[in-house]
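Undergrad: Can you read through this structure? Questions will come right after.
Number of protein chains: 2
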Amino acid sequence: MKPVNLTDKLSKISTHWDPHVIADYNDNDVMVVKFIGEFPFHLHEDTDDFFLVLKGEMTMDVEDTSHIVKEGELFIVPRGVTHRPRASEECHVLLIEPKGTPNSGDPATASSKPRL
Amino acid sequence: MKPVNLTDKLSKISTHWDPHVIADYNDNDVMVVKFIGEFPFHLHEDTDDFFLVLKGEMTMDVEDTSHIVKEGELFIVPRGVTHRPRASEECHVLLIEPKGTPNSGDPATASSKPRL
């Protein structure tokens, strides 16, 4: 039980699209991740998807529209909604998902995420 | 489904210790709140308590110790742990709690929180 500095945790990540767990909140993983480029379109049948932009900005493509999500902005994708995050420059994001949620919606990616 | 700017939402709050809901994540309220002074010691039997400091700093008194939590830092109080947030100067915080969680641990404070 101690404070977790988000910038410090992000400084330890050199990969992209590779969320690292920094804390637990009930049955959820609290994670930080660096985005650049495009992630595949996907959806989560059973959970909303929580994104908070900590640095930079991303675009969230959702069904037939796109939202720019800037530093200090939160975007929650409701369960069952097809979405794709992308970023033309590196973007740092706080993610929250129930433990065991596959990143891409594909159960093959549901293994435990690395912990910082 | 749109981006939620945390600074904009906080600019609409003039009270302290009065969380306002800005989004929903599964069965949780995502809230912003302004702290100053001391909240009562309390605990939540059934949920962890998620605090992310957005501006300023707070102190979290937890059992027999205290943690300073600075801007950009996360602090999660595990369920069942007695705690008290306090701040000598105004501090802005993102909170996440399951819907219906009483602020102070007292069910009398479990009514719906205002929404921004």
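Chain order of the listed sequences is Y and H.
Everything in the first sequence is counted per this note's numbering, starting at 1467 for the first residue and increasing by one.
Everything in the second sequence is counted per this note's numbering, starting at 1467 for the first residue and increasing by one.
We treat Cβ as the ideally placed atom computed from N, Cα and C, and that holds for glycine.
Cutting at 6 angstroms between CB atoms, please list the residues of its own chain near histidine 1482/Y, excluding the five before and the five after it.
TA: Answer for histidine 1482/Y: Lys1500, Ile1502, listed in chain order.
Undergrad: For asparagine 1492/Y, go through chain H and note every residue whose CB falls closer than 7 angstroms to its CB, in chain order.
TA: Per Cβ cutoff of 7 angstroms: Thr1513, Asp1514.
Undergrad: Whose C-beta lies closer than 8 angstroms to the C-beta of glutamate 1537/Y among residues of the same chain, with five residues either side of it excluded?
TA: Cβ neighbours of glutamate 1537/Y beyond the five flanking positions: Val1519, Leu1520, Lys1521, Gly1522, Glu1523.
Undergrad: From the DSSP secondary-structure annotation, give me the bridge partner or partners of isoleucine 1534/H.
TA: Its beta-bridge partners are Thr1525/H.
Undergrad: Can you tell which of Ile1534/Y, Glu1556/Y, Arg1550/Y, Leu1561/Y has its C-alpha closest to the C-alpha of asparagine 1471/H?
TA: When only C-alpha atoms are compared, the closest one is Ile1534/Y.
Undergrad: With a threshold of 7 angstroms on Cβ separation, who are the neighbours of lysine 1565/H within its own chain once the five nearest residues in sequence on each side are excluded?
TA: Within the same chain, lysine 1565/H has close Cβ partners Asp1493, Asn1494, Asp1495.
Undergrad: Where aspartate 1512/H and proline 1506/Y are concerned, what is the direct C-alpha to C-alpha distance, given to the nearest angstrom?
TA: Going from the Cα of aspartate 1512/H to the Cα of proline 1506/Y covers about 36 angstroms.
Undergrad: If we count the other Cβ atoms within 10 Å of its Cβ and call it buried at 16 or more, is threonine 1567/Y buried or exposed?
TA: Counting Cβ neighbours within 10 Å, threonine 1567/Y comes out buried, since at least 16 surround it.
Undergrad: Return the residue from the list Val1543/H, Asn1569/H, Met1526/H, Leu1560/H that minimises the CA-CA distance to leucine 1476/H.
TA: Comparing Cα-Cα distances from leucine 1476/H to each of Val1543/H, Asn1569/H, Met1526/H, Leu1560/H, the minimum goes to Leu1560/H.
Undergrad: Asparagine 1562/Y: which of Val1498/Y, His1508/Y, Ser1554/Y sits nearest, CA to CA?
TA: Note that residue 1562/Y corresponds to isoleucine in the displayed sequence, not to asparagine. Closest by alpha carbon: Val1498/Y.
Undergrad: Please report the distance separating the alpha-carbon of valine 1543/Y from that of histidine 1508/H.
TA: Each residue's alpha carbon lies about 32 angstroms from the other.
Undergrad: Secondary structure at aspartate 1474/Y, three-state DSSP: helix, strand or coil?
TA: Aspartate 1474/Y: helix per DSSP, three-state reduction.
Undergrad: Got a sec: is the Cβ-Cβ distance from asparagine 1471/Y to anything in chain H below 8 angstroms?
TA: Answer yes: the Cβ-Cβ gap between asparagine 1471/Y and chain H drops below 8 angstroms somewhere.
Undergrad: Lysine 1579/H and histidine 1510/H look like a contact to me (Cβ under 8 angstroms); what is the Cβ gap, rounded to whole Å?
TA: At roughly 15 angstroms, the Cβ-Cβ gap does not stay under 8 angstroms, so lysine 1579/H and histidine 1510/H are not in contact.
Undergrad: Is the beta carbon of aspartate 1527/Y closer than 8 angstroms to that of arginine 1550/Y?
TA: Contact flag set, yes.
Undergrad: Pull out every residue of the region 1555–1573 of chain Y whose Cβ sits closer than 7 angstroms to any Cβ of chain H, in chain order.
TA: Residues Ile1562.
Undergrad: List the endpoints of the continuous beta strand (DSSP E) containing lysine 1565/H.
TA: It is not in any beta strand (DSSP E) - lysine 1565/H carries neither H nor E in the DSSP assignment.
Undergrad: Does the beta carbon of phenylalanine 1541/H come closer than 8 angstroms to any beta carbon on chain Y?
TA: It does: the Cβ of phenylalanine 1541/H has a partner Cβ on chain Y nearer than 8 angstroms.
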